[in-house]
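Read the structure below first, then the notes.
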Amino acid sequence: RKPLPKPVDRPSRKRGGRKFANMKARLQMTEYKKMFNTVPFGPEAQQEIGDTGVGMGMIGMKGTGKLRASANKEQKIKLMKKKEKNIPQPASLSTHNGLVSSLALASTDGIELVNPELLKKKINEHETYFNAKSGFTTVIESKNK
1 RKPLPKPVDR PSRKRGGRKF ANMKARLQMT EYKKMFNTVP FGPEAQQEIG DTGVGMGMIG
61 MKGTGKLRAS ANKEQKIKLM KKKEKNIPQP ASLSTHNGLV SSLALASTDG IELVNPELLK
121 KKINEHETYF NAKSGFTTVI ESKNK
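Residues 1 to 145 in the UniProt record's numbering are what the sequence shown spells out, letter by letter.
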């Protein structure tokens, strides 16, 4: 019998890896939230959010050494990208403006008034063959007749 090969002496990959580390960094407590959760020792009154009775912690207090808590540049960039996604895109050519009517221009007859109810009826007529509830329907006559 042959002996087993020498094991490769490299450090094994840790659980989660790079993806997990990135997720932890993204979801970790921000400096702003840390200041919000910290209650100062000594002074009784602190800023409250409206009439809720919930204090603001160390945010905006004098003597903390910070004028205001700032977010990471990376977090700001991510927020800006999210806001860009929410910006409405310019309307495409298929959208209608306020000047749409039910009049159709026919080449031979001139202007034709279209009834939207008749269009709905035409669509409903096709449902007998192309409906999920009706199952398989055939239009070919059977040879047994």
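For every residue, glycine included, the Cβ atom is placed at its ideal position computed from N, Cα and C.
What does a CB cutoff of less than 8 Å around T38 pick up in its chain, not counting 5 residues either side in sequence? G57, M58
On the DSSP bridge list, what partners appear for G57? G57 is not bridged to any residue.
Where M29 and F36 are concerned, what is the direct C-alpha to C-alpha distance, given to the nearest angstrom? 11 Å
Give the range of the alpha helix (DSSP H) segment to which Q75 is assigned. 73-86
What three-state label does DSSP hand K2 in the structure shown? coil
Among R26, E31, G42, K121, whose alpha-carbon lies nearest the alpha-carbon of L79? R26
Would DSSP call G42 helix, strand or coil? coil
At the level of alpha carbons, what is the spacing between E31 and P3? 56 Å
Taking just the CA atoms, how far does P88 sit from K82? 12 Å
Going by DSSP in three states, R15 sits in which element: helix, strand or coil? coil
Any C-beta of chain D under 8 Å from that of M23: Reference to chain D is not applicable here, since this structure consists of a single protein chain.
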